[in-house]
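Q:
In my numbering, the protein residues as written are 1 to 140.
Listed below in structure tokens is the structure:
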């Protein structure tokens with residue numbers, strides 16, 4: 001399983017497309033037969049137990065690719081239930097990272113490998129390179 005994480009609008013879905021996954025193969029916060037789950041963090045609920053979260057991680061680990069948005073940044077919710085939900089979503093990401101063969105963090109559209117190597121992706125898959133996007137050269 002490949003885990004792709006990053007902030008909102010960081011290029012996670014675009015990167016999954018570059019790996020050969022079509023939009024029709026991406027389930028949005030739903031566990032079904034599709035090989036990719038987008039917004040995995042939304043599968044966590046505030047009343048979920050740790051064991052339930054681990055069961056969810058097991059089910060997601062069987063997918064080809066899981067995409068999750070970072071939930072640890074920004075203002076800490078005042079509501080205790082929302083804080084618990086955020087905590088469980090973070091724990092889910094940790095569980096998934098432990099099970100993944102490749103973990104990619106997307107930063108401004110650039111894939112940064114946290115576990116594994118981009119070169120280890122299956123043959124024939126296009127992988128975006130930093131600076132390869134139109135107008136990206138010299139942007140820093």
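No residue lacks a Cβ here, since even glycine has one placed at the ideal position from N, Cα and C.
Measure the alpha-carbon distance for residue 26 versus residue 79 and round it to whole angstroms.
A: One C-alpha to the other measures close to 31 Å.
Q: Taking buried to mean at least 16 other C-beta atoms within 10 Å of its own C-beta, is residue 11 buried or exposed?
A: Classification of residue 11: buried, given that the 10 Å Cβ count is 16 or more.
Q: Can you tell me where the alpha helix (DSSP H) holding residue 4 begins and where it ends?
A: Residue 4 -> not in any alpha helix (DSSP H); beta strand (DSSP E) instead, spanning 2–6.
Q: Using DSSP with H/G/I as helix, E/B as strand and the rest coil, what is residue 38?
A: Strand.
Q: Can you give me the Cβ contacts of residue 7 inside the same chain, cut-off strictly under 6 Å, excluding the 5 residues immediately before and after it?
A: So the list reads 70, once near-sequence residues are dropped.
Q: Could you tell me the distance, in whole angstroms, from the CA atom of residue 114 to the CA atom of residue 104?
A: Taking the straight line from one Cα to the other gives about 6 Å.
Q: What's the call for residue 57, buried or exposed, on a 16-neighbour Cβ count within 10 Å?
A: That one is buried.
Q: Between residue 121 and residue 31, is the Cβ-Cβ spacing less than 8 Å?
A: Cβ distance not < 8 Å, so residue 121 and residue 31 don't count as in contact.
Q: DSSP state of residue 59, grouped into three classes?
A: Here residue 59 sits in helix by DSSP.
Q: Can you tell me whether residue 50 is buried or exposed? The criterion is at least 16 other CB atoms within 10 Å of its CB, across all chains shown.
A: Classification for residue 50: exposed.
Q: Just list the beta strand (DSSP E) runs in the segment 76–121, keeping only unbroken ones of 3 residues or longer that don't cross its boundaries, in chain order.
A: The segment 76–121 contains these whole beta strand (DSSP E) runs: 102–107, 110–115.
Q: Could you check the C-alpha separation between residue 108 and residue 17 for me, to the nearest Å?
A: Cα to Cα, residue 108 sits roughly 16 Å from residue 17.
Q: So the alpha helix (DSSP H) residue 18 belongs to, where does it begin and stop?
A: Its alpha helix (DSSP H) spans residues 12–18.
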